[in-house]
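Chemist:
Residue numbers (the working numbering): 785 to 853.
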């Protein structure tokens with residue numbers, strides 16, 4: 785699915801940038817150009833970043849020893 789029409793970036797490319805360390809829309813703009821033109825993809829970029837944070841948090845919690853839970 786195309787996320788950023790201006791730069792022609794799909795969700796896989798954005799997800800890869802997030803996995804590589806982008807943590808904000810500004811990081812994504814610097815890394816990929818997404819959100820740097822018209823800004824219409826900003827909401828989707830924020831959603832993707834939040835989804836990644838939620839998955840990472842769930843994974844960290846799943847890895848905690850039982851005594852720490």
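The beta carbon of each residue, even a glycine, is placed where N, CA and C say it ideally should be.
Predicted model only: the values in this text are computed from it and were never measured.
Assuming residue 827 is part of the alpha helix (DSSP H), what are its boundary residues?
Modeler: Counting along the chain, the alpha helix (DSSP H) containing residue 827 begins and ends at 826 to 847.
Chemist: What's the gap between the Cα of residue 833 and the Cα of residue 807?
Modeler: Between residue 833 and residue 807, the C-alpha separation is close to 7 Å.
Chemist: Using DSSP with H/G/I as helix, E/B as strand and the rest coil, what is residue 789?
Modeler: Correct three-state label for residue 789: coil.
Chemist: Determine contact between the region 794 to 811 and the region 839 to 850, defined as no fewer than three beta-carbon pairs at a distance below 8 Å.
Modeler: Not touching, per the Cβ criterion.
Chemist: Sorted by chain position, which residues of the same chain lie with C-beta nearer than 6 Å to residue 821's C-beta, five sequence neighbours on each side aside?
Modeler: Within the same chain, residue 821 has close Cβ partners 790.
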